[in-house]
Amino acid sequence: TKKAMLRAARLVLLFAPTALALRMPYTTHTARSQAVSMQMKNPFEGMKNPFADKMDGATTVSLTLSFRVPDRGASSVLGQLDQLAANADTSTMEGFSELCADTALLLLRRSGEWIACCGSAEHRATDDEALNIYDRLAIREAAKFDDRDTGASVDAALAAAGLQGSKAPPTIAVICVVACVIGDREESIAKSFSGDATKMRQALEELAAAGNAEQEVLALELFWVPGEDNETLDLDEIALDWPELLSC
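Read in order, the letters of the sequence shown correspond to residues -21 to -1, 1 to 227 in mature numbering (1 follows the signal peptide of the UniProt record, and there is no 0).
Below, the structure is given as structure tokens:
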């Protein structure tokens, strides 16, 4: 289908920069003097059109938080994530929107338990451009979590909900939300931040608002570790895999 072809094209773009980076520049030398080339930077580059519709294009958002989890029972942030993911209907756009809003609200309600945070937002003029960025961020984050266990995703939680025991050892948890939402959200979500709880709250509030609106969530990925009862994380491990996470 056309949609499948577009998706395949996106995946090709992910790996194209690697090939280009390995290619050495080729220059032809002649006896003639080479023309001087001047590159003038556009003074308006990076400036937004003040008359543009705020709902044009889409914004890719990536938010990562770490939590201290002394009790891993059903009332812990890990237990609530398991339950939230298990009850989500990820087969519909409405289900994704609801999961986006519910996840953002869950993380906001537990802001007193945050240890560290970081995030980013990037707006593009078209949905496809924003989804390209989303794909890259989702793949990058998935690699960090997949290296640890298979329980740190919504799909795994659908099968494992209710099995998490309260006797699991204390741990540090890392939770990441990657979303692509309609419109320009860069005024509400900082383009890049680390260790700023206020900016994290603003970003989560914006995601919650997008999730509660009609068809404003284009894509969503939710990751967390640990996903297995017998696994634990410490601060040294987190600093190694998530160096951008700073205390908030």
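Ideal Cβ positions, reconstructed from N, Cα and C, are used throughout, including at glycine.
{"Query": "Cutting at 7 Å between CB atoms, please list the residues of its own chain near residue 105, excluding the five before and the five after it.", "Result": "36"}
{"Query": "Distance check for residue 103 and residue 147, CA to CA, integer angstroms please.", "Result": "43 Å"}
{"Query": "For residue 182, which residues in the same chain have their Cβ closer than 6 Å to its Cβ, ignoring the five residues on either side in sequence?", "Result": "42, 98 and 168"}
{"Query": "Consult DSSP for residue 88 and reduce its assignment to one of helix, strand or coil.", "Result": "helix"}
{"Query": "Compare the beta carbon distance of residue 157 and residue 186 with 8 Å and say whether it is the shorter of the two.", "Result": "no"}
{"Query": "Between residue 51 and the ligand ZN, is the CB less than 7 Å from at least one heavy atom?", "Result": "With respect to small molecules bound, the structure shown includes none, and the ligand ZN cannot be examined in it."}
{"Query": "Excluding the 5 residues preceding and the 5 following residue 78 in the sequence, name in chain order all residues of the same chain whose CB lies nearer than 6 Å to its CB.", "Result": "67"}
{"Query": "CA-CA distance, residue 121 and residue 219?", "Result": "16 Å"}
{"Query": "When burial is assigned at 16 or more other CB atoms within 10 Å of the CB, is residue 101 buried or exposed?", "Result": "buried"}
{"Query": "For residue 213, collect the residues of the same chain with a Cβ closer than 7 Å to its Cβ; drop the 5 residues on either side in sequence, then sort them by chain order.", "Result": "151"}
{"Query": "Opposite residue 38 in the DSSP bridges: which residues?", "Result": "102 and 160"}
{"Query": "Please list the terminal residues of the continuous alpha helix (DSSP H) segment that includes residue 186.", "Result": "176 to 191"}
{"Query": "When the Cα atoms are used, what is the spatial distance from residue 232 to residue 208?", "Result": "Residue numbering for the chain in the displayed model covers -21 to 227; residue 232 lies beyond these limits and cannot be assessed."}
{"Query": "Measure the C-alpha to C-alpha separation of residue 74 and residue 93 and round it to an integer number of angstroms.", "Result": "27 Å"}
{"Query": "I need the DSSP call for residue 217, collapsed to helix, strand or coil.", "Result": "helix"}
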